[in-house]
Each structure stands twice: as C-alpha cells, then as structure tokens.
Amino acid sequence: MEKFNTIISSCVPINIQNIDTDQIIPARFLKATSREGFGDNLFRDWRYDSNNQPKKDFILNNPNYSGKILVAGKNFGCGSSREHAVWAIYDYGFRVVVSSFFADIFKNNALNCGLLPVQVSENFLNQLFDAIEKDPQTKVKVDLENQTITLLSTGSEESFEVNPYKKECLLKGYDDIDYLMSIKDKILEYESKQN
1436 MEKFNTIISS
1446 CVPINIQNID
1456 TDQIIPARFL
1466 KATSREGFGD
1476 NLFRDWRYDS
1486 NNQPKKDFIL
1496 NNPNYSGKIL
1506 VAGKNFGCGS
1516 SREHAVWAIY
1526 DYGFRVVVSS
1536 FFADIFKNNA
1546 LNCGLLPVQV
1556 SENFLNQLFD
1566 AIEKDPQTKV
1576 KVDLENQTIT
1586 LLSTGSEESF
1596 EVNPYKKECL
1606 LKGYDDIDYL
1616 MSIKDKILEY
1626 ESKQN
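Going from the sequence shown to this note's numbering is simple: count from 1 and add 1435.
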C-alpha cells in the first residue's frame, strides 16, 4: 500500500445519507478478484444512464469538483460487506472519505485497504458541505499523524479517532502481512523462548 501522508486536497461532495455498498459498486461488477479497474464503475448507476452516457447532474461528472477527499452524508458504506466498495473508491483516486457515521464493516475494510475513513460531527460535516458548495476549490487538510481534519478556508478543525494499529499501518504503507514481516525478528525471538 501507499504510505499515507498528510493530504491537502479539494473535495468531491455527495450530500446523501445512507449510501450503501451496492450504490458504491453495483453487484454486477463484483466478478473480478483483483483491485484494479473498479474505479471505472464507482457509483455506476448514479454516474451513467442506461445508454452508458454520463449523467450531467451527478457530481463525479462535474469537472468543477475533484480531489482525493470524498465528503459523504451520514451512514456511509452501509449494506453488504463487500470489500469491492472500498476498492472502487480507492481505484478512482480517493484516499479519504469523510462522513458523520460509517458502517463498521465498511470502516474496517477501508482501513485494511489504505483508505482513511474520517468520522466527524454533523456540524463539521455541514460546514464542509457548505464551504465546498460555495467554492468547489475549497481545500481540506487531513493530518493522520495528529488525527485532525481542517477546513483551510476558515481554520475550523476537528479531531478524529483511528485504531492505533491501523494508523501505524497507514503511515508506513503496511498491510497486515507487511506489518508481521516488519516484526519478524521479535516473533522469532518470542518463539525461540517458548521452546
């Protein structure tokens, strides 16, 4: 995985609550087993009409909005436990998803795949939506080391929680196997003392 550094980016806002994993990546696209290519079908049924033409009113088709941060409504990632939803978001280019609440399985899948879910208060989420609506180039800073998210135009900032083990993995670019390999000597030392 890529190491997660501090991200300063514009955002893509989807101010819809209860976005489930079938909306993020429809079930008909789950046949592939590698992570590549899922971004093409991120929010497929919202992005394209029945003739595979982009829907002009969907945010991902609006060239005014771009960036590495997806800002979404409350209860993001609910529904089935498909890891492919995270793959699609990551493959599209997002590195952070901000919401006021995440489904637990989605949150864990995100952390396992290098996507940072940042849970904020409803008030802070509304500040983000308002600022981005007024200026699509609004920048947000996500600092994983200090666990803060900052709306740079106003200086408004909130702290967020993240599992300490997953935080270390994200900062170092480790998946679970990489982490175990990084402490291989400690494991071997422990095992040698058990015999």
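All residues carry an ideal CB built from backbone N, CA and C; glycine is no exception.
Exercise. Going by beta carbon distance, what residues of the same chain come within less than 8 Å of asparagine 1496, once the five residues before and after it are set aside?
Worked result: Arg1482, Pro1489, Lys1490
For this session: Just tell me which of Ile1454, Leu1505, Leu1586, Ile1504 has its CA closest to the CA of aspartate 1480.
Result: Ile1454
Exercise. Leaving out five residues before and five after phenylalanine 1564 in sequence, what residues of the same chain have Cβ atoms less than 6 Å from its Cβ?
Worked result: Pro1448, Asn1450
Exercise. Closest to phenylalanine 1464 by CA distance: which of Ala1520, Met1436, Val1506 is it?
Worked result: Ala1520
Exercise. With 16 as the cutoff for other CB atoms within 10 Å, does isoleucine 1504 come out buried or exposed?
Worked result: Classification of isoleucine 1504: buried, given that the 10 Å Cβ count is 16 or more.
Problem set entry | contact_flag[the segment 1544 to 1561, the segment 1510 to 1529] where n(CB pairs < 8 Å) is 3 or more | yes
Problem set entry | Euclidean distance between Cα positions of methionine 1436 and lysine 1466 | C-alpha of methionine 1436 to C-alpha of lysine 1466: approximately 23 Å in a straight line.
Exercise. Can you give the beta carbon distance from threonine 1441 to aspartate 1578, rounded, assuming they're within the 8 Å contact cut?
Worked result: 5 Å
Exercise. Using the C-alpha atoms, what's the distance from aspartate 1484 back to proline 1461?
Worked result: 14 Å
Exercise. Would you call the CB atoms of proline 1599 and asparagine 1499 closer than 7 Å?
Worked result: no
Exercise. Does the beta-carbon of glycine 1512 have 16 or more other beta-carbons within 10 angstroms, so that it is buried, or is it exposed?
Worked result: With 16 or more Cβ atoms within 10 Å of its Cβ, glycine 1512 is classed as buried.
Exercise. Going by beta carbon distance, what residues of the same chain come within less than 7 Å of serine 1501, once the five residues before and after it are set aside?
Worked result: Correct list, in chain order: Ser1445, Val1447.
Exercise. Counting only runs that start and end within the segment 1452 to 1521, where is the beta strand (DSSP E) found for 3 or more residues in a row?
Worked result: Fully enclosed beta strand (DSSP E) runs of 3 or longer: 1504 to 1507.
Problem set entry | Distance, glycine 1528 Cα to glycine 1474 Cα | 8 Å
Exercise. Alpha carbon to alpha carbon, how far is lysine 1607 from asparagine 1486?
Worked result: Lysine 1607 and asparagine 1486: Cα-Cα distance of roughly 43 Å.
For this session: Keeping to the same chain, check which residues put their C-beta closer than 8 Å to that of arginine 1470; ignore five residues upstream and five downstream.
Result: Trp1522, Tyr1525, Asp1526, Cys1548
Exercise. Once you ignore the five residues that flank glutamate 1592 on each side, which residues in its own chain have a CB closer than 6 Å to its CB?
Worked result: Short of 6 Å from the beta carbon of glutamate 1592, and not among the five residues preceding or following it, lie these beta carbons of its own chain, in chain order: Thr1583, Thr1585.
Problem set entry | Under 7 Å between C-beta atoms of lysine 1576 and leucine 1587 | yes
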